[in-house]
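For the sequence shown, counting from 1, position 44 maps to 838 in our numbering; every step adds exactly one. Every residue, glycine too, gets a C-beta built ideally from N, C-alpha and C. Remember, it's a predicted structure, so these values are computed and weren't measured experimentally. To start, the structure itself, in structure tokens.
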Amino acid sequence: MNETVKTILNRRSIRKYKAEQIGDQELNIILDAGKFAPSAMNQQPWHFTVVQNKEVLKRINEVCTAAFSKSGIKNYEDRAKADNFSAFYNAPTFIIVTGDPTAIAPQNDGSLALGNMFNAAESLGIGSCWIHALNYVFSTEEGQALRRELGIPEGYVHVGAGAFGYKDMQQPAAPPRKEDTVNIIR
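Now the structure itself:
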């Protein structure tokens, strides 16, 4: 099995990170992997907002906590009550992916970019985790203000986000794959 396939099959979501920031060279490799993802008609409609500043990360978490607390969604409210709640598991690098809504497939393209970033991170020994919290948070008034603070392009749709950092936990084992998910027509 080649290294690319090994990386894809071994990558797991990591939810505990060391405080140490990932290096600039590693970050640039991860971002380049995202930029080289396939996109419909090669439109490359994504925008990556990289946050490594501790105060800004704290602000993002505060907005997430407040939005979750008054969401009316039990799961979100319960998560926000936790003493150690961090929407991005205290990762030192947080990458938000948004896309140009006038593109053919910004959600798909941005998801592929984020997937490429996750696999690139794994190949470098860096943990990552898909973070979906901002999908809800950006729909709130506070979330819209946060988008402006972060310099996310006006009108861009939120695709997803990723937590990135050096792993501070054992790599989880893969759960069994679901059966009956493939049809081959020959």
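In this structure, DSSP gives ILE920 an extended state, which the three-state scheme calls strand. Residue range 951–960 is occupied by the beta strand (DSSP E) that includes ALA957.
It is roughly 17 Å from the alpha-carbon of ALA939 to the alpha-carbon of ALA955.
In chain order, PRO839, TRP840, HIS841, PRO900, GLN901, ASP903, GLY904, TYR950, VAL951, VAL953 place their CB closer than 8 Å to the CB of GLY893, counting only its own chain and leaving out the 5 sequence neighbours on each side. GLU916 counts as buried, since at least 16 other C-beta atoms from the protein chains shown sit within 10 angstroms of its C-beta.
The alpha-carbon separation between THR934 and ALA861 amounts to approximately 7 Å. Going by DSSP, THR798 is part of the alpha helix (DSSP H) stretching over 797–804. VAL976: not part of any alpha helix (DSSP H); DSSP gives it neither H nor E. Per the DSSP secondary-structure output, SER807 pairs in a beta bridge with SER922.
Secondary structure note for ILE854: it is in no beta strand (DSSP E), and the uninterrupted alpha helix (DSSP H) holding it is 848–863. Non-local beta-carbon contacts of VAL845 in its own chain, meaning distances under 8 Å to residues more than five positions away in sequence, involve LEU851, ILE854, THR887, PHE888, ILE889, ILE890, LEU944 in chain order. The beta-carbon distance between ALA927 and CYS858, rounded to whole angstroms, is 5 Å. This is short enough to meet the 8 Å contact definition.
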